[in-house]
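Novice:
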Amino acid sequence: SAKTRDKLLEASLILFNERGFGAVTTASIAQQAGVLEGSLWYHFRTKKDILAGHIAVLQEVFEAANLDADSPNPETIIAGIFGAYDVIWDFRYILRDDFAAVLDADEPVLQTARLINGFLNTWTEGRIQHAHDHGILHIEADRMEDISEIILVIGRYWLDFSGKKSPDADSAALRLKGLRHIFTVLSPYLTDEAQGLISG
3 SAKTRDKLLE ASLILFNERG FGAVTTASIA QQAGVLEGSL WYHFRTKKDI
53 LAGHIAVLQE VFEAANLDAD SPNPETIIAG IFGAYDVIWD FRYILRDDFA
103 AVLDADEPVL QTARLINGFL NTWTEGRIQH AHDHGILHIE ADRMEDISEI
153 ILVIGRYWLD FSGKKSPDAD SAALRLKGLR HIFTVLSPYL TDEAQGLISG
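Just so we're on the same page, my numbering is the position in the sequence shown counted from 1, plus 2.
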């Protein structure tokens with residue numbers, strides 16, 4: 003039973019990332035997972051419940067990826083920033099889709115999705131500030147918001163854009179290219195030590 007639930011979460015995550023939450027049916031999720039639609043309804047009464055399941059997994063995985071977030075070590079800080087984007091890309095539909103168009107305004111899962119998006123905005127600015135405080139980046143205070151917004155756009159939309167531009171490209175290669183774009187945005191502000199760590 004738990005195995006079937008995990009298969010449904012994985013299959014729906016792939017479909018929601020590829021097509022968008024609103025465009026995917028429960029029948030297509032069941033087919034992708036290789037189970038009967040009745041099995042899906044046993045585990046998730048609606049697509050909203052699947053979204054809630056994804057949010058719970060995202061929170062758990064993101065927290066695990068950020069256990070060393072307060073470390074002053076330059077290698078740990080850089081690895082943490084880049085590692086977090088693999089998690090973000092895995093759950094990108096949560097950060098990309100307009101759930102207000104398909105869910106009622108008072109739906110708790112809609113409010114949670116908005117909180118997740120707000121958290122990510124704050125997290126990105128916080129990571130840039132943390133890197134600045136520990137001598138990895140030298141960014142003027144009035145530039146931090148602009149830089150974090152560019153990085154957030156890469157986080158939310160890069161894999162969708164690049165997948166359409168290069169549909170035959172390997173996903174791992176596109177992720178690596180996305181990380182290089184983040185590095186390009188940060189590069190003018192990186193200290194020599196940080197440049198060496200990333201290049202290495």
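Beta carbons are placed, not taken as given, at the ideal position from N, Cα and C, and that holds for glycine.
In this text the structure is predicted, and so the values were computed from the model without any measurement.
1) Considering only their Cβ atoms, is the gap separating Arg182 from Asp88 smaller than 8 Å?
2) When you compare only the Cα positions, how much space is there between His136 and Asp170?
3) For the candidate residues Trp125, Ile80, Leu97, whose alpha-carbon lies nearest to that of Thr193?
4) Report the option in Ile96, Ala86, Pro190, Gln34 whose CA atom is closest to the CA atom of Phe64.
5) Helix, strand or coil, according to DSSP, for Leu192 in the structure here?
6) How do the region 10 to 21 and the region 44 to 52 stand: do at least 3 beta-carbon pairs fall below 8 Å, yes or no?
7) Going by the C-beta, is Val187 closer than 7 Å to any heavy atom of the ligand GTP?
8) For Thr124, is the classification buried or exposed, using 16 other Cβ atoms within 10 angstroms of its Cβ as the cut-off for buried?
9) What is the DSSP secondary structure of Met69, counted as helix, strand or coil?
10) Taking the C-alpha atoms as reference points, what is the distance between Ile149 and Glu142?
11) If Phe101 sits next to Leu112, beta carbons under 8 Å apart, how far is it from one beta carbon to the other, in whole angstroms?
12) Using a threshold of 8 Å, state whether the C-beta atoms of Ala32 and Leu38 are closer than that.
13) Report the rounded CA-to-CA distance for Asp99 versus Glu127, giving the unit in angstroms.
14) Between the C-alpha atoms of Glu216 and Thr114, what's the straight-line distance to the nearest angstrom?
15) Taking Glu20 as the reference, give the member of Asn68, Ile130, Arg94 with the closest Cα.
16) To the nearest angstrom, how far is it from the Cα of Val26 to the Cα of His140?
Specialist: So, from the listed chains and residues:
1) For the purposes of this step, residue 88 is identified with residue 86 of the sequence shown, where counting begins at 1. For the purposes of this step, residue 182 is identified with residue 180 of the sequence shown, where counting begins at 1. The criterion of a C-beta distance shorter than 8 Å is not satisfied by Asp88 and Arg182.
2) On the sequence shown, position 134 is the one that residue 136 refers to. On the sequence shown, position 168 is the one that residue 170 refers to. Their backbone Cα atoms lie some 40 Å apart in a straight line.
3) As a first step, residue 193 must be located in the sequence shown, where it is residue number 191. Closest option to Thr193, judged by alpha-carbon separation, among Trp125, Ile80, Leu97: Ile80.
4) On the sequence shown, position 62 is the one that residue 64 refers to. Scanning Ile96, Ala86, Pro190, Gln34 for the CA closest to the CA of Phe64 turns up Ala86.
5) Taking the first residue of the sequence shown as 1, we reach residue 192 at position 190. If DSSP states are grouped into helix, strand and coil, Leu192 belongs with the strands.
6) Yes, they touch.
7) Here there are no bound small molecules, and the ligand GTP is not part of this structure.
8) As a working note, residue 124 is residue 122 in the sequence shown. So Thr124 counts as exposed.
9) On the sequence shown, residue 69 is found 67 positions in, with the first residue counted as 1. Looking at the sequence itself, residue 69 is Leu, so the reference to Met does not match. Looking at Leu69 - three-state DSSP - the assignment turns out to be coil, as it is neither helix nor strand.
10) Residue 149 sits at position 147 when you count from the first residue of the sequence shown. Residue 142 sits at position 140 when you count from the first residue of the sequence shown. Approximately 10 Å between the Cα atoms of the pair.
11) If you number the sequence shown from 1, residue 101 lands on position 99. If you number the sequence shown from 1, residue 112 lands on position 110. Sure, about 5 Å apart at Cβ, within 8 Å.
12) Mapped onto the sequence shown, residue 32 falls at position 30. Mapped onto the sequence shown, residue 38 falls at position 36. Result yes, Cβ atoms of Ala32 and Leu38 sit closer than 8 Å.
13) Translated into the one-based positions of the sequence shown, residue 99 becomes position 97. Translated into the one-based positions of the sequence shown, residue 127 becomes position 125. Roughly 22 Å separates the two Cα atoms.
14) This structure cannot speak to residue 216, because the chain is shown only from 3 to 202.
15) Within the sequence shown, numbered from 1, the residue matching residue 20 stands at position 18. Selected option, being the one with the closest Cα: Arg94.
16) Residue numbering aside, residue 26 sits at position 24 when the sequence shown is read from its first letter. Residue numbering aside, residue 140 sits at position 138 when the sequence shown is read from its first letter. In this structure, the straight-line span from the alpha carbon of Val26 to that of His140 is close to 44 Å.
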